[in-house]
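Peer 1: Before anything else, here's the structure in question.
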Amino acid sequence: MEAPQPKRVSPAEIKRHELLSDIMAHARQVLLEHGVADAVAEQVAVAIADHLAQHWRGQVITIPADYHYGIAVRDEALYRQFRGDYGALARLAGMTESGVRKMVARVQQRLHARNQGRLFD
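Here the sequence shown stands for residues 1 to 121, numbered as in UniProt numbering.
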């Protein structure tokens with residue numbers, strides 16, 4: 001009689017476990033940095049991972065490798081404060097005026113592309 005074969009773990013199961021473990025570890029670390037007791041931080045971290053696993057179960061989610069996301073959010077927040085004075089925004093943002101000009105151009109280009117629509121899609 002053959003010994004039962006161990007259950008094969010799929011690549012998706014491995015990635016899901018890694019993602020939820022990473023979320024738990026990060027949530028716990030942030031809570032600890034905010035002075036939350038270790039036992040409470042652990043419980044909250046597990047609750048967050050459990051919620052995500054239950055709430056999003058069965059879904060296929062792709063998280064793009066968009067390292068520009070944080071910069072884009074910052075840029076749009078600064079752009080909302082822009083009133084035509086590059087120097088003032090540069091001082092406010094702690095950037096050079098040249099950097100602000102480039103940032104304003106990037107945001108305007110993104111907003112134009114977002115609002116324009118695509119002709120051949």
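We put the CB at the ideal spot given by N, CA and C, even for glycine.
Since the model is a prediction, treat every value here as computed from it, not as a measurement.
Let's see if you can read the secondary structure: which residues bound the alpha helix (DSSP H) around M103?
Peer 2: Mapped onto the sequence shown, residue 103 falls at position 103. Note, M103: alpha helix (DSSP H), 97–116.
Peer 1: How is residue 201 classed by DSSP in three states: helix, strand or coil?
Peer 2: The question about residue 201 has no answer here: the residues shown for the chain are numbered 1 through 121.
Peer 1: Please confirm whether A45 and M24 have their CB atoms less than 9 Å apart.
Peer 2: For this step, residue 45 is matched to residue 45 along the sequence shown. For this step, residue 24 is matched to residue 24 along the sequence shown. Yes, the Cβ-Cβ distance between A45 and M24 is below 9 Å.
Peer 1: Alpha carbon to alpha carbon, how far is H34 from R57? Give it in angstroms, no decimals.
Peer 2: Taking the sequence shown and counting its residues from 1, one reaches residue 57 at position 57. Taking the sequence shown and counting its residues from 1, one reaches residue 34 at position 34. Straight-line Cα distance between these residues: approximately 30 Å.
Peer 1: Start and end of the alpha helix (DSSP H) containing R16?
Peer 2: What you label residue 16 is simply residue 16 of the sequence shown in a count that begins at 1. 11–33 is the extent of the alpha helix (DSSP H) around R16.
Peer 1: Taking the alpha helix (DSSP H) that E42 falls in, what are its first and last residues?
Peer 2: Within the sequence shown, the letter at position 42 stands for residue 42. Unbroken alpha helix (DSSP H) run through E42: 38–55.
Peer 1: Going by alpha carbons, who is nearest to D50 out of S98, L19, R91?
Peer 2: As a position in the sequence shown, residue 50 is number 50, starting the count at 1. That would be L19, whose Cα lies nearest to the Cα of D50.
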